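If you read the sequences in order, they're chains L and Y. Residue numbering for the first sequence follows numbering that gives the first Met the number 0, starting at 0 and increasing by one per position. Residue numbering for the second sequence follows numbering that gives the first Met the number 0, starting at 0 and increasing by one per position. All C-beta atoms in this analysis are idealised placements derived from N, C-alpha and C, irrespective of residue type, glycine included. Quick caveat, the model's predicted, so the values are computed rather than measured. Contents: one structure, followed by commentary.
Number of protein chains: 2
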Amino acid sequence: MSHMGYRCLMAVDREQVLRSAAALLTRKSTATMDEVARAAGISRATLHRHFAGRDALVRALESLGIAECEAALATARTDEGPAAEAVRRLVREMEPSAGLLAFLYTENQLFEGEEQNEGWARIDAALTELFRRGQESGEFRIDLTPVWLTEALYGLLASGAWAVAEGRVARNDFTHMIVELLLGGALRREEP
Amino acid sequence: MSHMGYRCLMAVDREQVLRSAAALLTRKSTATMDEVARAAGISRATLHRHFAGRDALVRALESLGIAECEAALATARTDEGPAAEAVRRLVREMEPSAGLLAFLYTENQLFEGEEQNEGWARIDAALTELFRRGQESGEFRIDLTPVWLTEALYGLLASGAWAVAEGRVARNDFTHMIVELLLGGALRREEP
DNA sequence: CCGGTGTGAGACAAGAATGTCTCATATGGG
DNA sequence: CCCATATGAGACATTCTTGTCTCACACCGG
Numbered sequence: 000m001s002h003m004g005y006r007c008l009m010a011v012d013r014e015q016v017l018r019s020a021a022a023l024l025t026r027k028s029t030a031t032m033d034e035v036a037r038a039a040g041i042s043r044a045t046l047h048r049h050f051a052g053r054d055a056l057v058r059a060l061e062s063l064g065i066a067e068c069e070a071a072l073a074t075a076r077t078d079e080g081p082a083a084e085a086v087r088r089l090v091r092e093m094e095p096s097a098g099l100l101a102f103l104y105t106e107n108q109l110f111e112g113e114e115q116n117e118g119w120a121r122i123d124a125a126l127t128e129l130f131r132r133g134q135e136s137g138e139f140r141i142d143l144t145p146v147w148l149t150e151a152l153y154g155l156l157a158s159g160a161w162a163v164a165e166g167r168v169a170r171n172d173f174t175h176m177i178v179e180l181l182l183g184g185a186l187r188r189e190e191p
Numbered sequence: 000m001s002h003m004g005y006r007c008l009m010a011v012d013r014e015q016v017l018r019s020a021a022a023l024l025t026r027k028s029t030a031t032m033d034e035v036a037r038a039a040g041i042s043r044a045t046l047h048r049h050f051a052g053r054d055a056l057v058r059a060l061e062s063l064g065i066a067e068c069e070a071a072l073a074t075a076r077t078d079e080g081p082a083a084e085a086v087r088r089l090v091r092e093m094e095p096s097a098g099l100l101a102f103l104y105t106e107n108q109l110f111e112g113e114e115q116n117e118g119w120a121r122i123d124a125a126l127t128e129l130f131r132r133g134q135e136s137g138e139f140r141i142d143l144t145p146v147w148l149t150e151a152l153y154g155l156l157a158s159g160a161w162a163v164a165e166g167r168v169a170r171n172d173f174t175h176m177i178v179e180l181l182l183g184g185a186l187r188r189e190e191p
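Spelled out as structure tokens, the structure:
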């Protein structure tokens, strides 16, 4: 009975399990617990030891997503420097979480129980504030609302994650593709 | 025994059922057939008379999505005029289908059976060709691949559909928000 | 060497979802 | 008016999924 626990032998990498679960559930949201376990390379029994059930699994996914988003926001220091650069730093920090976020973003059923969305509210607020700050400083156009820009960022992150996962976009281009499209759009700029 | 069939009395509006099913399944992808039926305002028995099962329902959703995309592509005449204007026309034509497309785009499990994806292949090809044409004409920048722009268009359509459905973006702004972000990006343009 | 710990495989029952059926009812056309 | 058609409600068996349990085994530390 180690009073610290968890730090023993060949324990399942909880985060790895969550990541593969997110990858699978994004692609096939009706996947069975057995399929999730297989995808993670563990048995259903072990999966069930770590996550009491499907609900608990999704909750854990949400918690992880929130934690990683807040960590990305903190690391990117979105309240410092030019907003455009802050967006670039933020997307770079969010890249490893993109697959997880794609699942959480598309699985709006999470918001039904409305237990945990206070975390998302904080994150949404931080993102919206970033875009608002960019508008105020004159960097961003004002005909696209900060709320929509936030929404679009989520959508592009999901698109990017899927495009990379299916080999349609090179992994190394992830940040560039998303940031350049979000900030600059598809149109060619006039030469300065 | 009407040899023409289908044009009888208070028959369920098949397309209406499919649309409400897409709206529900997008929000809660694990919804029951019973929930789908309720959402469509019909009984489970009737739903099952029209769609043999969940698979058949999803197939029908996919068929409808493909048909509407191809119709939108045809109406928008994406091979005519400036590419930017073509994109604008296309998004406008796709707006009514955005909810359905959001479901189909995020439900990548469809591609497992790979029966029907030839329709998507044609649509993807048309979209990619549109962006490629815009690059060739000098309208679009060339550091964002046509494949990525296609992917981003899908993602933004989905984001837009959800944002409108949840009241975060005004319905009337749908086309403008998507087209302006996709083409122009968030950065302010220099005055010409 | 041996005990503790985490895991995989499988059995098992309880529950949920599905697919199919019947019957009653309402509607509109002939 | 009557009949054909479409629907709603519900019963029902089947299948799938889940949650729990047991047992055997591998690994690591002492």
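Which residues in chain Y have a C-beta closer than 9 angstroms to the C-beta of residue i? List them in chain order.
i, result
"L/Thr77", "Correct list: empty, because the minimum Cβ distance to chain Y is about 14 angstroms."
"L/Glu34", "Residues of chain Y passing the Cβ test: none, with the nearest at roughly 11 angstroms."
If you draw a straight line from the C-alpha of residue i to the C-alpha of residue j, how long is it?
i, j, result
"Y/Leu24", "Y/Leu89", "25 angstroms"
"L/Leu156", "L/Ser96", "9 angstroms"
"Y/Tyr104", "Y/Lys27", "15 angstroms"
"L/Ala83", "L/Glu138", "7 angstroms"
"L/Glu106", "Y/Glu165", "14 angstroms"
"Y/Gly154", "L/Asp142", "20 angstroms"
"Y/Arg187", "L/Ala66", "32 angstroms"
"Y/Glu79", "Y/Thr144", "21 angstroms"
"Y/Ser42", "Y/Ala160", "27 angstroms"
"Y/Ile122", "Y/Cys68", "7 angstroms"
"Y/Val168", "Y/Glu94", "14 angstroms"
"Y/Asp172", "Y/Glu117", "32 angstroms"
"L/Pro81", "L/Gly133", "7 angstroms"
"Y/Leu63", "Y/Asp54", "14 angstroms"
"Y/Arg140", "L/Leu180", "10 angstroms"
"L/Asp12", "Y/Asp12", "50 angstroms"
"L/Arg48", "L/Glu14", "14 angstroms"
"L/Phe50", "L/Val178", "35 angstroms"
"L/Gln108", "L/Trp119", "14 angstroms"
"L/Leu56", "Y/Glu61", "29 angstroms"
"L/Leu152", "Y/Leu152", "13 angstroms"
List, in order along the chain, the chain L residues whose C-beta lies closer than 7 angstroms to that of residue i?
i, result
"Y/Leu103", "Within chain L, no residue comes near Y/Leu103; the closest Cβ sits about 12 angstroms away, beyond 7 angstroms."
"Y/Ala151", "Leu155, Ser158 and Leu180"
"Y/Arg131", "Those do not exist, as Y/Arg131 stays about 12 angstroms from chain L at its closest Cβ, beyond 7 angstroms."
"Y/Arg83", "Here residue 83 of chain Y is Ala; the residue named in the question, Arg, does not match the sequence. Per Cβ cutoff of 7 angstroms: Leu186."
Spatial neighbours of residue i within its chain, please: CB distance less than 7 angstroms, with the 5 preceding and 5 following residues excluded, ordered by chain position.
i, result
"Y/Ala75", "Ala85, Arg88, Leu89 and Glu92"
"Y/Asp33", "Arg43"
"L/Ala59", "Leu17 and Phe50"
"L/Thr127", "Pro145, Val146 and Thr149"
"Y/Met176", "Gly159 and Val168"
Under 8 angstroms, do residue i and residue j count as touching if we go by C-beta distance?
i, j, result
"Y/Leu182", "Y/Ala125", "no"
"Y/Glu150", "L/Ser158", "yes"
"L/Gly184", "Y/Gly184", "yes"
"L/Leu148", "L/Thr77", "no"
"Y/Thr31", "L/Thr29", "no"
Going along the chain, which residues of its own chain have a beta-carbon closer than 6 angstroms to the beta-carbon of residue i, five neighbours each way excluded?
i, result
"L/Phe102", "Ala21, Leu24 and Thr25"
"Y/Leu46", "Ala36"
"L/Ala39", "Val16 and Ser19"
"L/Ala162", "Val168"
"L/Arg170", "Val163"
Excluding the five sequence neighbours on either side, which residues of its own chain have a C-beta within less than 8 angstroms of the C-beta of residue i, listed in chain order?
i, result
"L/Arg18", "Gly98 and Leu99"
"L/Met3", "Confidence at L/Met3 is low in this model, with a pLDDT of 37, below 50, so the placement of that residue should be treated as unreliable; the coordinate-derived value is given next. Result list for L/Met3: empty, nothing under 8 angstroms."
"Y/Thr174", "Arg87, Val90, Arg91 and Glu94"
"L/Arg131", "Pro145"
"L/Ala70", "Glu92"
By the criterion of Cβ-Cβ separation under 8 angstroms, what are the contact partners of residue i in chain L?
i, result
"Y/Asp142", "His175 and Glu179"
"Y/Arg37", "Those do not exist, as Y/Arg37 stays about 15 angstroms from chain L at its closest Cβ, beyond 8 angstroms."
"Y/Val168", "Thr144, Val146, Trp147 and Glu150"
"Y/Ala162", "Val146, Trp147 and Glu150"
Since residue i meets chain Y, which of its residues come closer than 7 angstroms, beta carbon to beta carbon?
i, result
"L/Arg187", "Gly137, Glu138, Phe139 and Arg140"
"L/Leu148", "Ala185"
What in chain Y is Cβ-close to residue i, meaning under 8 angstroms?
i, result
"L/Ala124", "Residues of chain Y passing the Cβ test: none, with the nearest at roughly 13 angstroms."
"L/Glu106", "Ser28"
Show which residues of chain L have a CB atom less than 9 angstroms away from the CB atom of residue i.
i, result
"Y/Thr127", "Per Cβ cutoff of 9 angstroms: no residues; Y/Thr127 is ~10 angstroms from chain L at best."
- Task: At 4 residues or longer, and completely inside the stretch 152-183 of chain L: list those alpha helix (DSSP H) runs for me, N to C.
- Result: The stretch 152-183 of chain L contains these whole alpha helix (DSSP H) runs: 173-183.
- Task: Let me know the alpha helix (DSSP H) ranges lying completely inside the stretch 116-142 of chain L, each 4 residues or longer, listed in chain order.
- Result: The stretch 116-142 of chain L contains these whole alpha helix (DSSP H) runs: 116-135.
- Query: Residue ranges of each alpha helix (DSSP H) run of no fewer than 4 residues wholly in the stretch 22-71 of chain L, ordered along the chain?
  - Reply: Given a length threshold of 4 residues, each whole run of the alpha helix (DSSP H) inside the stretch 22-71 of chain L is given here in chain order: 32-39 and 43-49.
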